[in-house]
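Heads up: the sequence lines are chains U and A, in that order. The first sequence finishes on residue 444 if you use our numbering, and the numbering steps up by one all the way, no holes. The second sequence finishes on residue 444 if you use our numbering, and the numbering steps up by one all the way, no holes. Cβ atoms here follow ideal geometry from the backbone N, Cα and C, with glycine treated the same way. All values derive from a computational prediction rather than experimental measurement.
2 protein chains.
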Amino acid sequence: MALVVHKYGGTSVGSIEKIRSVAKKVAKVRDEGNLVIVVVSAMSGETNKLVAMANEMTSMPDEREYDALISTGEQITSTLLAMALNSMGYPAVSFQGYQIKIVTDSAFTKARIQRIDADNLRKELKAGKIITVSGFQGVDEAGNVTTLGRGGSDTTAVAIAAALKADECIIYTDVDGVYTADPNICPNARKLDRVTYEEMLEMASLGAKVLQIRSVEFGMKYNVPIRVKSTFVENEGTLVAKEEDKVEAPLVSGVAYDKNEAKITVVGIPDRPGIASKLFTPISEANINVDMIVQNISAEGHTDLTFTVPKSDFKKALEIVKKIAKDIEARNVVADENIAKVSVIGVGMRSHSGIAARMFDLLSKEGINIMMISTSEIKVSCVIDTKYTELAVRVLHDGFGLGK
Amino acid sequence: MALVVHKYGGTSVGSIEKIRSVAKKVAKVRDEGNLVIVVVSAMSGETNKLVAMANEMTSMPDEREYDALISTGEQITSTLLAMALNSMGYPAVSFQGYQIKIVTDSAFTKARIQRIDADNLRKELKAGKIITVSGFQGVDEAGNVTTLGRGGSDTTAVAIAAALKADECIIYTDVDGVYTADPNICPNARKLDRVTYEEMLEMASLGAKVLQIRSVEFGMKYNVPIRVKSTFVENEGTLVAKEEDKVEAPLVSGVAYDKNEAKITVVGIPDRPGIASKLFTPISEANINVDMIVQNISAEGHTDLTFTVPKSDFKKALEIVKKIAKDIEARNVVADENIAKVSVIGVGMRSHSGIAARMFDLLSKEGINIMMISTSEIKVSCVIDTKYTELAVRVLHDGFGLGK
Numbered sequence: 041m042a043l044v045v046h047k048y049g050g051t052s053v054g055s056i057e058k059i060r061s062v063a064k065k066v067a068k069v070r071d072e073g074n075l076v077i078v079v080v081s082a083m084s085g086e087t088n089k090l091v092a093m094a095n096e097m098t099s100m101p102d103e104r105e106y107d108a109l110i111s112t113g114e115q116i117t118s119t120l121l122a123m124a125l126n127s128m129g130y131p132a133v134s135f136q137g138y139q140i141k142i143v144t145d146s147a148f149t150k151a152r153i154q155r156i157d158a159d160n161l162r163k164e165l166k167a168g169k170i171i172t173v174s175g176f177q178g179v180d181e182a183g184n185v186t187t188l189g190r191g192g193s194d195t196t197a198v199a200i201a202a203a204l205k206a207d208e209c210i211i212y213t214d215v216d217g218v219y220t221a222d223p224n225i226c227p228n229a230r231k232l233d234r235v236t237y238e239e240m241l242e243m244a245s246l247g248a249k250v251l252q253i254r255s256v257e258f259g260m261k262y263n264v265p266i267r268v269k270s271t272f273v274e275n276e277g278t279l280v281a282k283e284e285d286k287v288e289a290p291l292v293s294g295v296a297y298d299k300n301e302a303k304i305t306v307v308g309i310p311d312r313p314g315i316a317s318k319l320f321t322p323i324s325e326a327n328i329n330v331d332m333i334v335q336n337i338s339a340e341g342h343t344d345l346t347f348t349v350p351k352s353d354f355k356k357a358l359e360i361v362k363k364i365a366k367d368i369e370a371r372n373v374v375a376d377e378n379i380a381k382v383s384v385i386g387v388g389m390r391s392h393s394g395i396a397a398r399m400f401d402l403l404s405k406e407g408i409n410i411m412m413i414s415t416s417e418i419k420v421s422c423v424i425d426t427k428y429t430e431l432a433v434r435v436l437h438d439g440f441g442l443g444k
Numbered sequence: 041m042a043l044v045v046h047k048y049g050g051t052s053v054g055s056i057e058k059i060r061s062v063a064k065k066v067a068k069v070r071d072e073g074n075l076v077i078v079v080v081s082a083m084s085g086e087t088n089k090l091v092a093m094a095n096e097m098t099s100m101p102d103e104r105e106y107d108a109l110i111s112t113g114e115q116i117t118s119t120l121l122a123m124a125l126n127s128m129g130y131p132a133v134s135f136q137g138y139q140i141k142i143v144t145d146s147a148f149t150k151a152r153i154q155r156i157d158a159d160n161l162r163k164e165l166k167a168g169k170i171i172t173v174s175g176f177q178g179v180d181e182a183g184n185v186t187t188l189g190r191g192g193s194d195t196t197a198v199a200i201a202a203a204l205k206a207d208e209c210i211i212y213t214d215v216d217g218v219y220t221a222d223p224n225i226c227p228n229a230r231k232l233d234r235v236t237y238e239e240m241l242e243m244a245s246l247g248a249k250v251l252q253i254r255s256v257e258f259g260m261k262y263n264v265p266i267r268v269k270s271t272f273v274e275n276e277g278t279l280v281a282k283e284e285d286k287v288e289a290p291l292v293s294g295v296a297y298d299k300n301e302a303k304i305t306v307v308g309i310p311d312r313p314g315i316a317s318k319l320f321t322p323i324s325e326a327n328i329n330v331d332m333i334v335q336n337i338s339a340e341g342h343t344d345l346t347f348t349v350p351k352s353d354f355k356k357a358l359e360i361v362k363k364i365a366k367d368i369e370a371r372n373v374v375a376d377e378n379i380a381k382v383s384v385i386g387v388g389m390r391s392h393s394g395i396a397a398r399m400f401d402l403l404s405k406e407g408i409n410i411m412m413i414s415t416s417e418i419k420v421s422c423v424i425d426t427k428y429t430e431l432a433v434r435v436l437h438d439g440f441g442l443g444k
């Protein structure tokens with residue numbers, strides 16, 4: 041008897057009829073003799089409706105209240121799915137984040153799971169129940185409702201799979217796997233049968249929205265193989281797992297892009313020790329994730345510092361930076377929201393050089409200017425003007441021979 | 041500095057704009073130096089929408105899941121109201137039933153409050169916060185979400201007022217108080233300045249939907265004066281409180297009616313001891329409230345037993361009764377949903393006789409047949425054909441001189 045954790049995204053549970061279909065799929069898995077936990081997102085459109093209510097109420101919703109508000113979306117789905125299963129004769133019980141103690145920190149709207157007290161889950165599984173769980177939500181030590189950020193239901197599923205040492209964790213979504221590039225941009229993009237956690241992490245952090253980053257981190261940390269599959273198309277999807285011993289890993293596995301960042305440059309900073317810390321400490325304290333940071337060589341005792349932040353935090357970050365810029369006597373702050381980040385990713389690149397050079401060459405041949413560069417062991421990213429995004433993705437996808 | 045508990049019903053918080061108006065009213069009360077707790081219902085239409093989803097999913101929704109589903113309506117209002125207050129510069133924090141431990145029994149869809157652990161409320165009040173509370177919901181000992189039945193938000197408000205020994209408890213609603221009869225039926229109905237808990241209890245149990253019964257019981261038990269006021273019209277409303285020492289209380293304070301009951305008759309029951317218990321124990325175990333019970337004198341060793349139940353429980357009750365009827369060898373079961381109960385209520389009737397006789401006389405003069413009769417110290421109720429309801433109410437209202 042296997043213990044399986046399945047997760048269904050918003051489009052998979054987007055109507056009563058669709059929830060009923062999911063119930064049938066779940067019942068079939070139960071009939072095959074498995075213990076089943078199903079994590080669900082809000083019905084598609086529901087979260088946006090709740091967000092719109094908050095924004096209609098005020099331009100700066102209190103984050104504690106915001107989380108308690110939007111978490112209701114998942115509560116609706118998990119209870120409806122449990123009802124559907126019960127009505128089909130499959131005993132089922134729904135759980136909210138606070139009921140199974142998915143304990144998170146208190147960083148509202150982007151909380152991180154710290155632990156799961158799986159006793160309630162074990163008890164109900166033992167009693168033969170199918171368990172439906174509201175994804176995306178948790179509870180902090182003080183008992184406040186928190187949410188895990190967009191895509192957080194993936195993390196809920198993987199974290200539960202890790203906590204219960206589940207035999208299988210499948211993320212059912214509206215795409216049928218991980219591709220070498222966005223098929224909307226590269227019609228010849230290939231579905232990958234398997235990617236490593238590291239590659240998936242880079243892809244997720246670069247905007248390939250198949251899985252939430254935290255879910256991949258959880259999978260990697262606790263070695264939970266995650267299968268990404270389509271709810272609507274029958275195929276094996278893509279397995280996200282640890283690296284296999286192969287003679288030859290491909291140099292580049294995929295091309296990703298991200299249009300959700302904005303760039304802030306602090307110009308003419310007096311070049312003194314401790315400046316970077318003065319700048320980034322308050323940004324981090326405001327719970328804003330800084331992604332790329334580039335500092336130019338100092339000229340005449342002054343330096344420029346450029347970094348990127350998520351567009352959703354852009355206003356907040358800019359406000360903080362402008363205040364600090366005055367304190368540290370910087371000359372100016374300039375910002376740019378019209379940027380995109382394109383990246384090539386592959387574990388094979390660890391043992392090969394020349395990937396970055398080849399990438400710069402491919403971009404320059406199309407006349408695409410590179411504004412910032414960032415590299416890791418298994419990826420190279422370039423920030424470019426947003427209008428070249430699709431062109432850049434296609435050029436890199438073909439240039440590295442990723443097409444069918 | 042007074043501690044006040046105010047409750048706003050569904051129509052009072054029926055849109056973002058209306059919630060904002062409530063926030064302004066609440067802020068004003070805070071400005072006057074009060075500590076404020078605001079209990080809210082779901083936005084009007086929201087609960088019905090959730091109920092419709094459950095009914096679309098299955099004809100017999102699991103009750104645990106049903107409660108967890110429909111409780112989301114109040115969660116939306118309480119968080120939006122807290123957001124509105126915060127955005128106006130009034131620190132506010134929302135609480136769900138489980139967060140302030142409104143502990144109930146496990147009778148899903150009609151749970152009863154057992155205790156409130158008011159520590160969280162006291163802490164936040166002390167910190168200067170306005171508190172918004174989701175009405176209608178609680179949590180049982182096992183941590184399951186429960187709901188208190190239609191109108192349950194009133195009970196939440198009064199129970200919190202009792203737990204915190206609040207100085208004031210106001211129920212803001214879409215009517216401006218308690219009337220001598222339904223003004224839609226009797227255009228000359230008068231608003232009462234004051235009614236006793238006992239009268240209000242009878243009125244509420246008879247279908248005058250101003251306050252939920254449990255809320256009046258709580259008020260009476262803990263001596264919390266409850267003021268019913270309109271959100272939209274400025275007047276003093278009606279105070280529900282204990283009886284004043286007056287030389288002369290009016291004989292009859294009001295006329296009420298209830299179309300939400302159905303009648304079940306078990307015909308030809310062998311007249312043996314223990315039959316009534318055999319019949320009503322399983323009904324009570326199914327959490328169905330039986331209201332009136334009438335048993336006829338036995339003839340030829342057989343008797344008939346008639347009783348009323350809420351229409352919402354009618355099907356369930358009938359199913360149970362049919363099964364038992366077979367066991368106890370009753371001849372037949374007949375049921376009637378087309379009934380109404382009309383009642384006259386007044387604490388003054390305790391010390392006067394003849395009210396019942398006068399009532400029967402008034403009804404018979406209009407040719408209205410009385411099917412069942414039930415009396416208490418302060419009310420007389422008659423079950424009649426539903427089509428005579430409005431006529432009966434008007435006849436009684438005028439006959440007892442209640443008009444303006």
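Inter-residue CB distance, residue i and residue j (contact presumed, cutoff 8 Å)
{"i": "A357 (chain U)", "j": "I304 (chain U)", "result": "6 Å"}
{"i": "S293 (chain U)", "j": "V215 (chain U)", "result": "Not quite, the Cβ-Cβ distance comes to about 16 Å (not below 8 Å), so this is no contact."}
{"i": "A63 (chain U)", "j": "L125 (chain U)", "result": "5 Å"}
{"i": "L402 (chain A)", "j": "V349 (chain A)", "result": "Incorrect: roughly 27 Å between the Cβ atoms, too far for contact."}
{"i": "V373 (chain A)", "j": "D344 (chain A)", "result": "Incorrect: roughly 11 Å between the Cβ atoms, too far for contact."}
Outcome for residue i when other beta-carbon atoms lying within 10 angstroms are tallied against a minimum of 16
{"i": "T172 (chain U)", "result": "buried"}
{"i": "K380 (chain U)", "result": "It is worth fixing the name first, because residue 380 (chain U) is Ala in this sequence and not Lys. Its Cβ being crowded by 16 or more others within 10 Å, A380 (chain U) is buried."}
{"i": "Q154 (chain U)", "result": "exposed"}
{"i": "V198 (chain U)", "result": "buried"}
{"i": "S324 (chain A)", "result": "exposed"}
{"i": "E164 (chain U)", "result": "buried"}
{"i": "N378 (chain U)", "result": "exposed"}
{"i": "K150 (chain A)", "result": "buried"}
Run of the alpha helix (DSSP H) containing residue i, from where it starts to where it stops
{"i": "S146 (chain U)", "result": "Careful: S146 (chain U) lies outside any alpha helix (DSSP H) and carries neither H nor E."}
{"i": "G192 (chain U)", "result": "G192 to A203"}
{"i": "H437 (chain U)", "result": "T429 to G439"}
{"i": "R25 (chain U)", "result": "For residue 25 (chain U) there is no data in the structure shown, the boundaries of chain U being 41 and 444."}
{"i": "A221 (chain A)", "result": "No alpha helix (DSSP H) holds A221 (chain A); DSSP gives it neither H nor E."}
{"i": "S324 (chain A)", "result": "I315 to E325"}
Residue range of the beta strand (DSSP E) that includes residue i
{"i": "E114 (chain U)", "result": "First-last for E114 (chain U): T112 to S127, but that is the alpha helix (DSSP H), not the beta strand (DSSP E)."}
{"i": "I364 (chain A)", "result": "First-last for I364 (chain A): F354 to D367, but that is the alpha helix (DSSP H), not the beta strand (DSSP E)."}
{"i": "I301 (chain U)", "result": "For clarity, residue 301 (chain U) is Glu in the given sequence; the question names Ile instead. Counting along the chain, the beta strand (DSSP E) containing E301 (chain U) begins and ends at E301 to P310."}
{"i": "T278 (chain A)", "result": "T278 to A281"}
{"i": "E208 (chain U)", "result": "E208 to T213"}
{"i": "M97 (chain U)", "result": "Looking at the DSSP string, M97 (chain U) is not in any beta strand (DSSP E); the run it does join, the alpha helix (DSSP H), is E86 to M97."}
Interface flag, residue i vs chain U, CB-CB below 8 Å
{"i": "Q177 (chain A)", "result": "no"}
{"i": "G183 (chain A)", "result": "yes"}
{"i": "Y138 (chain A)", "result": "yes"}
Short CB-CB distance (under 8 Å) between residue i and chain A
{"i": "M100 (chain U)", "result": "yes"}
{"i": "L161 (chain U)", "result": "no"}
{"i": "L109 (chain U)", "result": "yes"}
{"i": "A67 (chain U)", "result": "no"}
{"i": "N327 (chain U)", "result": "no"}
{"i": "E164 (chain U)", "result": "no"}
{"i": "L120 (chain U)", "result": "yes"}
{"i": "I56 (chain U)", "result": "yes"}
Closer than 7 Å: residue i CB and nearest the ligand NAD heavy atom
{"i": "D298 (chain A)", "result": "Among the ligands in the structure shown, none appear at all, so the ligand NAD cannot be discussed."}
contact_flag[the region 136–144 of chain U, the region 173–181 of chain U] where n(CB pairs < 8 Å) is 3 or more = yes
Meets three-Cβ-pair contact criterion under 8 Å: the region 107–123 of chain U and the region 143–158 of chain A = no
Check whether the region 107–114 of chain U touches the region 77–86 of chain U, counting contact only when three or more Cβ pairs, one atom from each stretch, lie closer than 8 Å.
-> When Cβ pairs closer than 8 Å are counted between the two stretches, the region 107–114 of chain U is seen to touch the region 77–86 of chain U, the count reaching three or more.
Cβ contact check for the region 43–61 of chain A and the region 416–429 of chain U: 3 or more pairs under 8 Å = no
Do the region 361–371 of chain U and the region 397–412 of chain U touch if we need at least three Cβ pairs shorter than 8 Å?
-> no
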